[in-house]
Amino acid sequence: MDMVLRPHHGMCFQFFEGKGYSADFTDHMGRVIRELTGDPNRPVTLTLGPDPVCEGCPNNRNGVCDTPEKVRRYDAAVLRLCGLRAGDSLPYQAFAALVEQRILEAGRRDEICGDCCWDAICRKKLEERSNG
């Protein structure tokens, strides 16, 4: 069964280290990531609406995001750079590889989500990858 996924969460998953808005949120996000990485061929359908990660987010107020313009901008950029569209379905592993190659390895992460409150974590982990 496909998992619905916001495109920018494909970037968040690359850097997640168990930190987040709350213990409940980080536990929830960790479960979603483990579910997808445990079955890398599981199809994901890219959406511009709420997904399972959003369910645990404190910025989600009854299914509506507190920062809709920001997440729409993030999602649109990931789709554009990966050559995908909302509604596309592909194996999680293939989506993660596109994010890695076309955004992270290409040095484009900062232009997409450099204004995210978690930017420092992602920036540090990306530097560690480059130096490691």
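Numbering follows the numbering used here, in which position 63 of the sequence shown is assigned residue number 63; successive positions increment by one, without gaps.
All residues carry an ideal CB built from backbone N, CA and C; glycine is no exception.
As the structure is a prediction and not an experimental result, all values here were calculated from the model.
Using a Cβ-Cβ cutoff of less than 8 Å, which residues in the same chain neighbour isoleucine 103 once the five nearest sequence positions on both sides are dropped?
For the purposes of this step, residue 103 is taken as residue 103 along the sequence shown, with counting starting at 1. Excluding residues within five positions, the ones whose Cβ falls inside 8 Å are Met11, Val78, Leu81, Cys82, Arg109 and Ile112.
Straight-line CA distance for lysine 19 to threonine 26?
Sequence index remark: in the sequence shown, residue 19 carries index 19 (1-based). Sequence index remark: in the sequence shown, residue 26 carries index 26 (1-based). Rounded to the nearest angstrom, the two C-alpha atoms are 6 Å apart.
Quick one: what's got a C-beta closer than 6 Å to proline 40's C-beta in the same chain, skipping five residues either side?
Locating residue 40 in the sequence shown gives position 40, where the first residue counts as 1. Correct list, in chain order: Tyr92 and Gln93.
Of the listed residues Val99, Tyr74, Ala106 and Asn131, nearest to cysteine 116 (C-alpha basis)
Along the sequence shown, one-based indexing puts residue 116 at 116. Among Val99, Tyr74, Ala106 and Asn131, the Cα nearest to that of cysteine 116 is on Tyr74.
Less than 9 Å separating the beta-carbons of leucine 98 and proline 52?
Start at 1 with the first residue of the sequence shown, and residue 98 comes out as number 98. Start at 1 with the first residue of the sequence shown, and residue 52 comes out as number 52. No. Outside cutoff.
Quick check on DSSP: helix, strand or coil for threonine 26?
One-based indexing of the sequence shown puts residue 26 at position 26. Helix.
Between glycine 30 and phenylalanine 13, what straight-line distance do the alpha-carbon atoms span, to the nearest angstrom?
Counting from one through the sequence shown, the residue named residue 30 turns up at place 30. Counting from one through the sequence shown, the residue named residue 13 turns up at place 13. Taking the straight line from one Cα to the other gives about 9 Å.
Among the residues of its own chain, which have a CB less than 6 Å from the CB of lysine 125, if the five just before and after it don't count?
Position 125 of the sequence shown, counted from the start, is the residue given in the question as residue 125. So the list reads Phe15, once near-sequence residues are dropped.
In terms of residues, what are the limits of the beta strand (DSSP E) holding leucine 90?
For the purposes of this step, residue 90 is taken as residue 90 along the sequence shown, with counting starting at 1. Note, leucine 90: beta strand (DSSP E), 89–91.
Which residues mark the beginning and the end of the alpha helix (DSSP H) in which leucine 126 is found?
For the purposes of this step, residue 126 is taken as the residue at position 126 of the sequence shown. From DSSP, the alpha helix (DSSP H) with leucine 126 extends over 119–131.
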